[in-house]
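Below: one structure, written as structure tokens.
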Amino acid sequence: MDIVIFLLIGAVSGWLAGEIFKGGGFGLIGNIIVGVIGGFIGGWLAGKLGIGGGGLLWQIIISVAGAWVLLFVISLIKKA
């Protein structure tokens, strides 16, 4: 059951980051991939910054922030 919740958080996070950064999502699989990678990036950044929290909403916020960072870095690489 944990993997289902993990993937749902990834899908929601990827979709929200896509809406914030590019104005559109990437489809279900793309959103999950961006959200899951963003979750790892966001969790790592939150740990380095010493911020933490708990609960589903906090996990989504951290995942969205990480996914946004991922999309930003990808956009920089595409421009180069």
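In the working numbering, the protein residues as written are 2 to 81. Where a beta carbon is used, it is the ideal one built from N, C-alpha and C, also for glycine.
Item, Value
"Whole angstroms is fine: what's the gap from residue 14's alpha carbon to residue 3's?", "16 angstroms"
"Under 8 angstroms Cβ to Cβ from residue 10, same chain only, skipping five residues before and after it: list those, please.", "36, 40, 57, 60, 61 and 64"
"Inspect the beta-carbon positions of residue 68 and residue 17 and report whether they are closer than 9 angstroms.", "yes"
"What do you reckon, is the C-beta of residue 64 under 8 angstroms from a heavy atom of the ligand GTP?", "Among the ligands in the structure shown, none appear at all, so the ligand GTP cannot be discussed."
"Mapping the DSSP letters down to three states, classify residue 27 as helix, strand or coil.", "coil"
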